[in-house]
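Numbering (this note's numbering), first residue to last: 1020 to 1113.
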């Protein structure tokens, strides 16, 4: 549900310029960037991939996990919403 947080934040930042958004389209990658990258490297910039758990990202990961806990406390979803499947799934063909 990070996409909903991003949309909410984008709306807030652009509240005086409604309906303008910095990120008008948000896509969730099935399996994440880790699965996307090897299949579509030619669409990626820079064309390299370093796993999230790589030691070079250890400090960033700790910082993000602490921040994500504060995000989750700000967002309240009812259980029926959490268990719902996406209403529309599309495939991107490259």
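Every residue, glycine too, gets a C-beta built ideally from N, C-alpha and C.
For residue i, I'd like the list of residues in its chain whose CB is within less than 8 Å of its CB, leaving aside the five on either flank, ordered along the chain.
| i | result |
| --- | --- |
| residue 1033 | 1039, 1040 and 1041 |
| residue 1069 | 1075 and 1076 |
In terms of residue numbering, what span does the alpha helix (DSSP H) encompassing residue i cover?
| i | result |
| --- | --- |
| residue 1027 | 1021-1032 |
| residue 1052 | 1051-1058 |
Using DSSP with H/G/I as helix, E/B as strand and the rest coil, what is residue i?
| i | result |
| --- | --- |
| residue 1061 | helix |
| residue 1048 | coil |
| residue 1110 | coil |
Among the residues of its own chain, which have a CB less than 7 Å from the CB of residue i, if the five just before and after it don't count?
| i | result |
| --- | --- |
| residue 1063 | 1056 |
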